[in-house]
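Peer 1:
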Amino acid sequence: MSERKFRELFEDMTSSKLKLPPMFKVYLLNDDYTTMDFVVTVLETIFHKTAAEATQIMLHVHKQGSGLCGVYTKDIAETKVVRVRELAEKNDFPLMCMMEEE
Ligand code: TYC
552 MSERKFRELF EDMTSSKLKL PPMFKVYLLN DDYTTMDFVV TVLETIFHKT
602 AAEATQIMLH VHKQGSGLCG VYTKDIAETK VVRVRELAEK NDFPLMCMME
652 EE
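Just so we're on the same page, my numbering is the position in the sequence shown counted from 1, plus 551.
Take a look at the structure:
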């Protein structure tokens with residue numbers, strides 16, 4: 552292998568290690584049926600917010616239609632979306648959660 556090829560290969564291999572992973576924003580969406588208490592509980596248990604933070608985010612979603620709950624790597628964001636949907640379904644609420652690449 553030529554030195555130039557070796558340097559190119561070395562550069563490719565090492566640069567990917569320095570790159571930060573893509574990050575994903577997770578949002579809650581408003582609806583007319585999910586109770587405010589349930590949304591606060593979701594924010595406390597799944598997104599590890601304090602009671603004050605959870606209430607603030609819930610009210611933002613209620614008034615604006617959607618709100619940011621956190622930013623995570625792909626796997627973690629996907630897991631949070633699934634956990635919200637499962638918990639909502641189990642409690643008969645239509646609460647929706649979505650993720651979007653930053
Ligand atoms: N709009 C709901 C109500 O008035 C409360 C709510 C807030 C629902 C945030 C969903 O993501 C949500 N009970």
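Glycine included, each C-beta is placed from N, C-alpha and C at the ideal position.
Keep in mind the model is a prediction, meaning the values are calculated, not measured.
Per DSSP, what kind of secondary structure is residue 638 in: helix, strand or coil?
Peer 2: In this structure, residue 638 counts as helix in the three-state DSSP scheme.
Peer 1: Per DSSP, which residues does residue 649 bridge with? Please list them.
Peer 2: The partner list for residue 649 (beta bridge, DSSP) reads 578.
Peer 1: Could you spell out the range, first to last residue, of the alpha helix (DSSP H) harbouring residue 569?
Peer 2: Start and end: 554-569.
Peer 1: Can you tell me whether residue 623 is buried or exposed? The criterion is at least 16 other CB atoms within 10 Å of its CB, across all chains shown.
Peer 2: Per the 10 Å Cβ criterion, buried.
Peer 1: Considering Cα atoms alone, identify which of 559, 586, 651, 610 is closest to residue 629.
Peer 2: Selected option, being the one with the closest Cα: 651.
Peer 1: Hey, is the segment 637-646 in contact with the segment 582-596, meaning 3+ C-beta pairs nearer than 8 Å?
Peer 2: The segment 637-646, when compared against the segment 582-596, does touch it at the 8 Å Cβ threshold.
Peer 1: Just grab the DSSP bridge partners of residue 622 for me.
Peer 2: Paired residues: 576.
Peer 1: Going straight from the alpha carbon of residue 582 to that of residue 611, what length do you get?
Peer 2: About 13 Å.
Peer 1: Less than 7 Å between the C-beta atoms of residue 577 and residue 621, yes or no?
Peer 2: Contact: yes.
Peer 1: What does a CB cutoff of less than 7 Å around residue 625 pick up in its chain, not counting 5 residues either side in sequence?
Peer 2: Cβ within range, chain order: 573, 575.
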